[in-house]
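Inspection log for the structure reproduced underneath, given as structure tokens.
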Amino acid sequence: MPASRTALSERRAEATRAERRTPMKIFLYFGLLLILCGAFGFGYTYTADHRTAKSLSAYCKIDFQGSYDESGRVEGATLTMWDYRYSSAKPKPLVTISADGDAWDIDAIVKQEPPSYDLKEYSPETSLKNTNKFFLNVSPQLLPLLRKADEVRVKIRYDNGYSVDLPLNEPDLAYWKAQLY
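Residue 20 is where the sequence shown starts when you use this note's numbering, and the numbers rise one by one after that.
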């Protein structure tokens with residue numbers, strides 16, 4: 020009979036040890052799940068912020084408008100760009116516009132709006148992302164170059180060293196030229 024008591028007490032002791040290990044296993048698996056979710060989230064936001072595009076309008080929202088004097092002649096132009104990013108890096112107030120290789124640095128007015136966390140008005144474009152707005156007056160000296168250009172590139176910069184340098188696609192370039200006549 021003592022052997023069966025020993026076996027019974029060993030089984031009880033093993034069951035007690037298993038019960039003690041269960042919360043530890045749950046804690047361990049939960050921790051691993053959090054690490055995996057964090058790695059996925061970091062990877063997703065990094066690829067969204069460092070996305071590639073073939074043209075400026077494929078990368079961000081742009082609006083280019085010519086301005087005219089009383090006689091209808093072009094006197095200037097404005098460019099507004101909206102870049103939606105997870106990164107909170109501040110945009111630099113300098114935009115470079117290149118027309119067929121001739122680069123012009125233009126001072127821009129920049130504004131960064133924090134992300135919206137309102138799930139009732141969720142938008143995949145703006146929710147959870149910082150909205151970086153660039154507004155600039157295009158120099159009158161640059162307008163003749165833009166009218167004749169075969170390629171126009173726009174470069175924006177951020178304070179963390181990241182920059183975006185992309186060309187206009189053909190429809191956008193044609194639109195810009197139409198705004199300048």
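For every residue, glycine included, the Cβ atom is placed at its ideal position computed from N, Cα and C.
8 Å contact criterion, which residue i and residue j should meet: CB distance rounded
| i | j | result |
| --- | --- | --- |
| Glu144 | Tyr103 | 6 Å |
| Leu187 | Ser74 | 6 Å |
| Leu147 | Tyr78 | Between Tyr78 and Leu147 the Cβ distance is about 19 Å, and since that is not below 8 Å, they are no contact. |
| Val173 | Val129 | Not confirmed; about 14 Å, so no contact. |
Residue i, buried or exposed, once every other Cβ within 10 Å from all chains shown has been counted against 16
| i | result |
| --- | --- |
| Ile54 | exposed |
| Asn151 | buried |
| Phe46 | exposed |
| Leu59 | The question names Leu, yet the displayed sequence has Phe at residue 59. Counting Cβ neighbours within 10 Å, Phe59 comes out exposed, since fewer than 16 surround it. |
| Ala122 | exposed |
| Ala72 | exposed |
| Met43 | exposed |
| Phe153 | buried |
| Ala26 | exposed |
| Leu155 | buried |
Local conformation of residue i per DSSP, three classes
| i | result |
| --- | --- |
| Ser86 | strand |
| Lys139 | helix |
| Ala193 | helix |
| Lys167 | helix |
| Arg31 | helix |
| Asp124 | strand |
| Asp68 | helix |
| Ser23 | helix |
| Lys130 | strand |
| Pro110 | strand |
| Tyr103 | strand |
| Gly95 | strand |
| Leu52 | helix |
| Thr41 | helix |
| Leu147 | coil |
| Tyr78 | helix |
| Tyr63 | helix |
| Leu47 | helix |
| Leu187 | coil |
| Leu155 | strand |
Nearest residue (CA-CA) to residue i, options the options
| i | options | result |
| --- | --- | --- |
| Tyr200 | Asp88, Asn188, Pro134 | Asp88 |
| Gly62 | Ser106, Pro190, Asp184 | Ser106 |
| Tyr194 | Lys44, Ser90, Phe83 | Phe83 |
| Ala197 | Lys167, Tyr177, Asp178, Ile128 | Lys167 |
| Glu94 | Glu170, Ser158, Asn179, Tyr177 | Ser158 |
| Ala127 | Leu98, Lys148, Ala118, Val183 | Leu98 |
| Ser149 | Lys109, Thr25, Ala122 | One detail in the question is off: residue 149 reads as Asn in this sequence, not Ser. Comparing Cα positions, the closest option is Lys109. |
| Leu192 | Cys56, Leu27, Gln131, Ile81 | Ile81 |
| Asp119 | Val171, Gly91, Met100, Lys111 | Val171 |
| Ile125 | Ser142, Ala96, Gln131 | Ala96 |
| Leu164 | Gly57, Ile116, Asn156, His69 | Ile116 |
Using 8 Å as the Cβ pair cut-off and three pairs as the minimum, do the segment 174 to 190 and the segment 130 to 140 touch? The way I'd put it, the segment 174 to 190 doesn't touch the segment 130 to 140; fewer than three beta-carbon pairs between them come closer than 8 Å.
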